[in-house]
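Sequential numbering of the sequence shown, starting at 10, is according to our numbering.
Note that beta-carbon positions come from the ideal geometry of N, C-alpha and C, so glycine has one too.
Because the structure is a prediction, the values reported are computed rather than measured.
One structure is given here, and the rest of the page talks about it.
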Amino acid sequence: MRTHTATTATTTAKSTTAKSTTAKSTTAKSIAAVRNLGILAHVDAGKTTVTERILYLAGLTHKRGEVHDGTTVTDFDPQERERGITIFAAAVSCDWAGHRINLIDTPGHVDFADEVERSLRVLDGAVAVFDAVAGVEPQSESVWRQAERHGVPRIAFVNKLDRAGADLDTALASIRERLHPHPLAVQLPIGTEESFTGVVDLLRLRALTWDEDGTLHEGPVPAHLQAAATERRRLLDEAVAELHPQALEEFCARAALGTDTLTAALRDLTRTGEAVVVLCGSAYRNRGIEPLLDAAVAYLPSPLDVAPTRCADGTHHREADPRQPLTALAFKVTAAPTGRLTHLRLYSGTLHKGDTVLDTTTGRTERVARILTLHHDETDLALPGDIVAVVGPKHTRVGATLCDADHPIALEAPVRTEAVVTVAVEARRAADTDKLAAALARLAEEDPSLRVATDPETGQRTLSGLGELHLEVAVEKIRRQTGVEAVVGRPRVALRETLLEGVTGFTYRHAKQDGGAGQFAHLVLDVHPLPPGTEEQFTFTSTVTGGRVPREYVQAVEAGCRDALAEGPLGGHPVTGVAVTLTDGATHPKDSSELAFRTAARLGVREALRASRMHLLEPLAEVSVTVPEDTLGAVLGDLAARRGHVRSTGTGHGTTARVNALVPLAELFGYAGRLRGRTQGRGTFTTRPAGYAPAPAG
Ligand SMILES: Nc1nc2c(ncn2[C@@H]2O[C@H](COP(=O)(O)OP(=O)(O)OP(=O)(O)O)[C@@H](O)[C@H]2O)c(=O)[nH]1
Ligand SMILES: [Mg+2]
């Protein structure tokens, strides 16, 4: 996450200590006033534009930046400005209505999904942005599910209401159909498309309109919308009463809800995820942002409202209390040549400048020499809920927990998105080889979804990532930062291996008993394919009875199975979809050990796989293409030539057609250029990972 130095930022009042009662309540109040929010959506829905307008309204910038001019605050990197897309999640911070809003503008492009994943890990709430013409697009659905998995409450903003074909009700219907059964619109648009000028706030039954320069005016509901507004408010009251018991009581008594009851109920329903508050507007035309900020403050949780932080094994928990022991998660490391910054989210305790903390992942202690706010201002301490960057830790990696050494805790690390595309990279000039290696290592440290390795067959250095664009951006970043030019090979996809048919009762005896300390382990294993649709990629069960294999050795066997599955027999690819059952075994009184059992399992499973029927799997992508109708035939023909399986075609807006297809990722390299050619530059497409399928033989 890049932080940004803003010009007119004020810093949070963090000079309080928790010593006196007044100080305590001030601290609690200041934590309650924090909102750590993410902006999530499909590529191009308008996240960066929304963020830009928020910063402008909060007085942080004096001019509204535009993505197409390369002048936004959060699309900060030269590559983002040139390409017009967000690549790195960027954190900024501003004040609104007495609240401190820490905002993370995330990328929508699927190649940067890992940035979204890491951001979600430290957010308390999110604004999901939708395009009012396109509705719920594939990547919006992916990030929505990602947020759901993290338990991050969301409100929705239907953007681009100024566009031709924009319609709030259609967008609501697509949210209902694809994301959530209870989207609750709290606004009614005034005017449509070009003449969209504002919204009716259904809670207060007032009209909010914006003039051309974006100034907000509040007034009575226009006469022609009064009936519609009253009706929508009634429907909103009804929908809320159905979901919220206290609201229901009031609704039964009065046949309507008071504004306060409605607000409180919407807050509860947002936090439990039972309903989604929907707002609308046009970020580009500066309409609808103030009520969005008000809603974020009113409905989304503060760090005090979210569930206490649990550690990875689920045993202890810590609350957002400055007096509890320190617990912080390192969610981003920027390993710039000028110095290393570790970005932290604090969950509990107080971090002071100069503190020595424990990194439970490495087991080392690290000294925090300096603490920087999101505005790069120095601060002496950080409180629960704060997002800060620290200077000092030398070995802390993304996902590590930093904590009080006397009260160690390990928080769950963000899940790393698996790399699916690999290229060989070498320095154009042999003299730059070492420099390139160092730059690649630094990049991989910053972005855990990038992997650097050496191809065992060719000895070439390889870089793996989430897609062609991800790798292209990485190589270009190195060129810009270090001047080192790299030659990049043809992209290859990451294959996997799986079982077609396994083996039962496979016996393996590992015995090294040639004098000295020996090794002995005897195993009987069933190795079978997992039923299709199983979520886990590997399961392990032991049915050994009578203590014939002691429990700690059984655990070692499981670890040995995992070792074996890292490299399959067909080509050294990871093996997935495997169920291993340990059915019997034997030990030796002196020579058996955990190591012996782990080794036996590794070698045994490897042999069992060789004896099984295996096949290769290749990654698939779900591709959504929007093209002019007259080019549809050519586009479908091209997808078929790429082994694509068309799942649906339909008409988009106007004279466009939409195609949804499953295509092997390996066939998608260079697709952007081909689509441009086939559609005279008018076609667009997005992809998202769609699992694995059997690769054709040969
Ligand atoms: N008509 C219209 N265009 C908009 C609106 N909001 C954003 N745009 C345009 O849509 C394009 C994409 O906007 P961004 O803000 O970059 O979208 P994003 O969601 O940040 O995109 P990524 O970060 O690349 O995923 C830009 O050209 C914006 O000017 C809007 O309300 N109306
Ligand atoms: Mg963006």
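Would the C-beta of residue i count as close to ligand 1, meaning under 7 Å from any of its heavy atoms?
{"i": "Arg-489", "result": "no"}
{"i": "Gly-47", "result": "no"}
{"i": "Ser-291", "result": "yes"}
{"i": "Glu-567", "result": "no"}
{"i": "Ile-94", "result": "yes"}
{"i": "Val-558", "result": "no"}
{"i": "Thr-101", "result": "Here the sequence assigns Val to residue 101, which means Thr is not the residue at that position. Not so, every heavy atom of ligand 1 lies at least 7 Å from the Cβ."}
{"i": "Asp-9", "result": "Residue 9 falls outside the range modelled here, since the chain spans only 10 to 707, and no answer is possible."}
{"i": "Gly-200", "result": "no"}
Can you have a look at residue i and say buried or exposed, based on whether 16 or more other CB atoms are within 10 angstroms of its CB?
{"i": "Asp-210", "result": "buried"}
{"i": "Asn-45", "result": "buried"}
{"i": "Gly-3", "result": "One cannot answer for residue 3 here, as it falls past the ends of the chain, which runs 10 to 707."}
{"i": "Ser-602", "result": "buried"}
{"i": "Lys-521", "result": "exposed"}
{"i": "Ser-458", "result": "buried"}
{"i": "Gln-155", "result": "buried"}
{"i": "Gln-333", "result": "buried"}
{"i": "Cys-103", "result": "buried"}
{"i": "Ala-378", "result": "exposed"}
{"i": "Thr-30", "result": "Residue placement at Thr-30 cannot be trusted, given a pLDDT of 48 that sits under 50; what the coordinates show is reported in the next sentence. By the neighbour-count rule (16 or more Cβ atoms within 10 Å), Thr-30 is not buried but exposed."}
{"i": "Val-496", "result": "exposed"}
{"i": "His-71", "result": "exposed"}
{"i": "Ala-232", "result": "exposed"}
{"i": "Gln-196", "result": "buried"}
{"i": "Ala-180", "result": "buried"}
{"i": "Arg-656", "result": "exposed"}
{"i": "Ala-15", "result": "Bear in mind that a pLDDT of 36 at Ala-15, under 50, signals an unreliable position, so the number given afterwards is only what the model happens to contain. The residue in question, Ala-15, is buried, as its Cβ has 16 or more Cβ neighbours within 10 Å."}
{"i": "Pro-393", "result": "buried"}
{"i": "Thr-281", "result": "exposed"}
{"i": "Gln-148", "result": "buried"}
{"i": "Ala-702", "result": "exposed"}
{"i": "Pro-254", "result": "exposed"}
Specify the secondary structure class of residue i as computed by DSSP and reduced to three states.
{"i": "Gly-282", "result": "coil"}
{"i": "Ser-149", "result": "helix"}
{"i": "Pro-87", "result": "helix"}
{"i": "Leu-177", "result": "helix"}
{"i": "Tyr-517", "result": "strand"}
{"i": "Arg-376", "result": "strand"}
{"i": "Phe-121", "result": "helix"}
{"i": "Gln-155", "result": "helix"}
{"i": "Val-315", "result": "coil"}
{"i": "His-6", "result": "Outside the modelled stretch of the chain, which goes from 10 to 707, sits residue 6, for which no answer is possible."}
{"i": "Leu-225", "result": "strand"}
{"i": "Thr-370", "result": "coil"}
{"i": "Tyr-680", "result": "helix"}
{"i": "Phe-260", "result": "helix"}
{"i": "Gln-235", "result": "helix"}
{"i": "Thr-343", "result": "strand"}
{"i": "Phe-606", "result": "helix"}
{"i": "Thr-467", "result": "coil"}
Considering only the alpha carbon of each residue, which of the options lies closest to residue i?
{"i": "Leu-302", "options": "Ala-135, Asp-123, Glu-466, Ala-264", "result": "Ala-135"}
{"i": "Phe-205", "options": "Leu-212, Lys-444, Leu-214, Thr-218", "result": "Thr-218"}
{"i": "Glu-481", "options": "Arg-379, Thr-431, Thr-60, Asp-443", "result": "Thr-431"}
{"i": "Pro-162", "options": "Pro-87, Ala-307, Lys-56, Arg-296", "result": "Ala-307"}
{"i": "Phe-678", "options": "Ile-199, Arg-505, Val-632", "result": "Val-632"}
{"i": "Val-634", "options": "Leu-275, Cys-570, Ala-666", "result": "Ala-666"}
{"i": "Ala-436", "options": "Leu-252, Val-493, Pro-465", "result": "Val-493"}
{"i": "Gly-200", "options": "Arg-185, Gly-642, Val-145, Cys-289", "result": "Cys-289"}
{"i": "Asp-140", "options": "Asp-171, Val-131, His-159, Leu-112", "result": "Asp-171"}
What residues match up with residue i in a beta bridge as DSSP calls it?
{"i": "Ile-396", "result": "Arg-354"}
{"i": "Asn-111", "result": "Asn-45, Ser-102"}
{"i": "Gly-144", "result": "Asp-140"}
{"i": "Ser-551", "result": "Leu-591"}
Under 7 Å: does the beta carbon of residue i sit that close to some heavy atom of ligand 2?
{"i": "Ile-113", "result": "no"}
{"i": "Pro-423", "result": "no"}
{"i": "Lys-56", "result": "yes"}
{"i": "Pro-87", "result": "no"}
{"i": "Asp-84", "result": "yes"}
{"i": "Pro-402", "result": "no"}
{"i": "Pro-116", "result": "yes"}
Would the beta-carbon of residue i be found less than 7 Å away from any heavy atom of ligand 4?
{"i": "Arg-172", "result": "Here the bound small molecules are ligand 1 and ligand 2; ligand 4 is not part of this structure."}
Do we get a CB-CB distance below 8 Å when we pair residue i with the residues of chain C?
{"i": "Asp-246", "result": "Among the chains in the structure shown there is no chain C, since it carries only a single protein chain."}
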